[in-house]
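Undergrad: The sequence shown finishes on residue 659 if you use UniProt numbering, and the numbering steps up by one all the way, no holes. Ideal Cβ placement from N, Cα and C applies to all residues, glycine included.
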Amino acid sequence: VPISNIRNFCIIAHIDHGKSTLADKLLQMTGTVESRDMKEQFLDNMDLERERGITIKLQAARMRFIYENEPYCLNLIDTPGHVDFSYEVSRSLAACEGALLVVDASQGVEAQTLANVYLALENNLEIIPVLNKIDLPGAEPSRVCQEIEEIVGLDCSNAIYASAKEGIGITEILNAIVQRIPPPRDTAGRPLRALIFDSYYDPYRGVIVYFRVIDGTIKKGDRVLFMASGKDYYADELGVLSPNQLQVDQLYAGEVGFLSASIRSVADARVGDTITHFNRKAEQSLPGYKEATPMFEPETSSAMGFGFRCGFLGLLHMEIVQERLEREYSLSLITTAPSVVYRVNCIDGETVECSNPSLLPEPGKRRSIEEPFVKIELLTPKDYIGSLMELAQDRRGIFKEMKYITENRASIIYELPLAEMVGDFFDQLKSRSKGYASMEYSFIGYTESDLIKLDILINGDRVEPLATIVHKDKAYSVGRALTQKLKELIPRQMFKVPIQATIGSKVIASEAISAIRKDVLAKCYGGDISRKKKLLKKQAEGKKRMKAIGKVDVPQEAFMAVLKLE
Ligand code: GDP
Ligand code: MG
94 VPISNIRNFC IIAHIDHGKS TLADKLLQMT GTVESRDMKE QFLDNMDLER ERGITIKLQA
154 ARMRFIYENE PYCLNLIDTP GHVDFSYEVS RSLAACEGAL LVVDASQGVE AQTLANVYLA
214 LENNLEIIPV LNKIDLPGAE PSRVCQEIEE IVGLDCSNAI YASAKEGIGI TEILNAIVQR
274 IPPPRDTAGR PLRALIFDSY YDPYRGVIVY FRVIDGTIKK GDRVLFMASG KDYYADELGV
334 LSPNQLQVDQ LYAGEVGFLS ASIRSVADAR VGDTITHFNR KAEQSLPGYK EATPMFEPET
394 SSAMGFGFRC GFLGLLHMEI VQERLEREYS LSLITTAPSV VYRVNCIDGE TVECSNPSLL
454 PEPGKRRSIE EPFVKIELLT PKDYIGSLME LAQDRRGIFK EMKYITENRA SIIYELPLAE
514 MVGDFFDQLK SRSKGYASME YSFIGYTESD LIKLDILING DRVEPLATIV HKDKAYSVGR
574 ALTQKLKELI PRQMFKVPIQ ATIGSKVIAS EAISAIRKDV LAKCYGGDIS RKKKLLKKQA
634 EGKKRMKAIG KVDVPQEAFM AVLKLE
């Protein structure tokens, strides 16, 4: 199709507001995917995503749609919905000219949705408001429209009322995509610039790169240069996503596709990088590239042996990576509690970055410690304001501002240490608000804090991966809670196991796990062999994800305990 008949769009929605269901309906209505081929939701095609009901990876799909007897090519670029992935969202928005803003008509606008709408507005995207779930008895689309107008300042006079589930309003949405979202600019004659918005590793073909051609033309076999990484390759395979990969010979400005080029590591094809031609380089790369901070470094510890220290975007990201490594690569892993990166100003004038609490310079060597702070914005129905402010206060939050955005909903802004947010803050926010509050955060900088190192000793051995950096005022309560939690989590052994929390050489809390005496099999009176086997199997399963620390078997959960203290 000509470039004037191409539309590139994404869907902005809060988790559960119906993005995947709508995407599936769009694919069905355009005949891109036969309904019998649909395995529930097509765009979320990773098992893990489906289980958790969230969208993790960016995906794209090309649809054909006939509008007034003319064929159009609609490219849907999916965006992740979780707060941890805002950079990925921003890059997929940058690959589009428009966005569907899907809001659950029985709920309303959420913090993350707001943040993403602002990103879309910054990128000059045409936004089409879609009020979803109008089939629900509690749906109030006109109230929610008013809310969007008040909060976002977006005109909702031509918002579309829809039910992705019942298939209501889907044709209106497709028509609106054609009518309201502008086509890409025709810049096929310029030097190539293509924006990478996703990539993944395929064991047979190397890294598969998803991109949007912003300027120029790319042909199969072209020698291409990735401007930020500085690496060059031959594009062996070029194709579109329909939504399965379909090879093509050329892609022009405005089109969305993928390439493979025997790229060995996803680190060489980063989201946000610009692809250009090796022999006809673009003068400037596309704006918005951000160096990825997550990284992996080999590390050894006397307690854990060989391992890697990895950077993650958040806890969810970490859990997903762990589960994928276990499911897809059959690895058995122990992860230890994450640490933020502290800045330690030493007496000798040097500043060192420290992400491993057990390597914190000794008190005698350091002058001060700085920790990263974030600004968080909570959106909540007014009933939960008190409970959420208590939560933020308890996490060393500094109150900044509160305002009512509608009669019933408030926005609350706090600044707080990132270290206080990496744990169960998000879970707490959800449980205290019965799922109704949402949040958004951004990094604001480093601030000096009164921090100390808390060590944990199990059976007299200092356990490096359990060392943690805490605020002085919280050290005693964290020490007590942590030793108690470890006592619950570590199974009883054949001998008594003392657990201690220390600051320097001072013990501030201690607990002990009493010994087990009886052989578990003694209960079986020697008779029933199948029952014996069952018991042994149960024991073996219980041993999964255990790490021996000295003579003590410590389960995976214990290494994360510090994040889940009451
Ligand atoms: P996502 O997290 O934004 O991708 O949301 P999903 O598409 O996974 O939908 C979340 C839940 O809402 C699922 O249980 C869907 O079946 C349900 N849902 C989605 N759209 C509608 C709708 O129009 N009406 C109703 N009643 N339920 C819907
Ligand atoms: Mg989804």
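Straight-line CA distance for L509 to Y539?
TA: 11 Å
Undergrad: For R184, is the classification buried or exposed, using 16 other Cβ atoms within 10 angstroms of its Cβ as the cut-off for buried?
TA: Within 10 angstroms of the beta-carbon of R184 lie 16 or more other beta-carbons, which makes it buried.
Undergrad: Could you give the uninterrupted runs of the alpha helix (DSSP H) lying entirely in the stretch 538 to 576, keeping only those of 4 residues or more?
TA: none
Undergrad: According to the Cβ coordinates, are A192 and I221 closer than 9 Å?
TA: yes
Undergrad: Among S353, V202, D291 and G572, which one has its Cα closest to the Cα of V300?
TA: S353
Undergrad: Hey, out of P277, Q205, I266 and V467, whose CA is closest to V245's CA?
TA: Q205
Undergrad: By the DSSP assignment, the alpha helix (DSSP H) with N268 in it spans what residues?
TA: That run of the alpha helix (DSSP H) goes I263 to R273.
Undergrad: Quick check on the DSSP output: the beta strand (DSSP E) that includes G350 runs from which residue to which?
TA: V349 to S353
Undergrad: From G635 to P584, what does the alpha carbon distance come to, in whole angstroms?
TA: Note that G635 has pLDDT 49, beneath the 50 cutoff, so the model's placement of it is unreliable and no number is given.
Undergrad: Return yes when the C-beta of T114 is under 8 Å from any heavy atom of ligand 1, and no when it is not.
TA: Under cutoff, so the answer is yes.
Undergrad: Are the C-beta atoms of Y160 and some chain D residue less than 9 Å apart?
TA: Absent from the structure is chain D; it holds one protein chain and no more.
Undergrad: Pick out whichever of G553, L547, S358 and L334 has its Cα sitting closest to the Cα of Y326.
TA: It is S358.
Undergrad: With burial defined as no fewer than 16 other Cβ atoms inside 10 Å of the residue's Cβ, what is the status of Y507: buried or exposed?
TA: buried
Undergrad: So what's M514 in DSSP terms, helix, strand or just coil?
TA: helix
Undergrad: Excluding sequence positions up to five away, which residues of its chain have a Cβ less than 8 Å from the Cβ of A568?
TA: Within the same chain, A568 has close Cβ partners I545, L547, I596 and I601.
Undergrad: Tell me whether E455 counts as near ligand 1, meaning its Cβ is closer than 8 Å to at least one heavy atom of that ligand.
TA: no
Undergrad: Residues bridged to C166 by DSSP?
TA: Answer by DSSP bridge pairing, in chain order: I99 and R157.
Undergrad: Anyone know if the C-beta pair for A255 and L194 falls short of 9 Å?
TA: no
Undergrad: Among V590, A116, T125 and S531, which has the Cα closest to the Cα of N552?
TA: V590
Undergrad: Less than 8 Å between the CB of K523 and some heavy atom of ligand 1, yes or no?
TA: no
Undergrad: Is the closest heavy atom of ligand 1 to the C-beta of E203 under 8 Å?
TA: no
Undergrad: In this structure, what does DSSP give as the bridge partners for T369?
TA: L318
Undergrad: Are the CB atoms of D329 and R298 within a distance shorter than 9 Å?
TA: yes
Undergrad: Is V108 near ligand 1, going by C-beta to nearest heavy atom under 8 Å?
TA: Here residue 108 turns out to be Ile, not Val, going by the sequence shown. In this structure, I108 has its beta carbon less than 8 Å from a heavy atom of ligand 1.
Undergrad: Taking just the CA atoms, how far does S451 sit from N372?
TA: Rounded to whole angstroms, N372 to S451 spans 50 Å at the Cα level.
Undergrad: Starting from the C-beta of Q593, find all residues in its chain whose C-beta is less than 6 Å away, skip the five residues before and the five after it, and write them out in chain order.
TA: L550, V600 and S603
Undergrad: From E240, V556 and C166, pick the residue whose C-alpha is nearest to that of V349; which is it?
TA: It is C166 whose Cα lies nearest to the Cα of V349.
Undergrad: Give me the Cα-Cα distance between S322 and D487, rounded to the nearest whole angstrom.
TA: 42 Å
Undergrad: For the beta strand (DSSP E) holding V223, just list the boundary residues, first then last.
TA: E219 to N225
Undergrad: Tell me the DSSP secondary structure of T125 in three-state form.
TA: Coil at T125, not helix or strand.
Undergrad: DSSP three-state label for M587, please.
TA: Three-state result, M587: coil.
Undergrad: Could you check the C-alpha separation between C189 and P558 for me, to the nearest Å?
TA: If I take the Cα positions, the gap works out to 44 Å.
Undergrad: Could you give the DSSP three-state label for A213: helix, strand or coil?
TA: DSSP places A213 within a helical segment (H, G or I) once states are collapsed to three.
Undergrad: Does the Cβ-Cβ distance between T125 and S432 come in under 9 Å?
TA: no
Undergrad: For a test of your reading of the model: does the CB of I227 fall under 8 Å from any non-hydrogen atom of ligand 1? Yes or no.
TA: yes
Undergrad: Between K644, M639 and I108, which lies nearest to M653 when the distance is taken from Cα to Cα?
TA: M639
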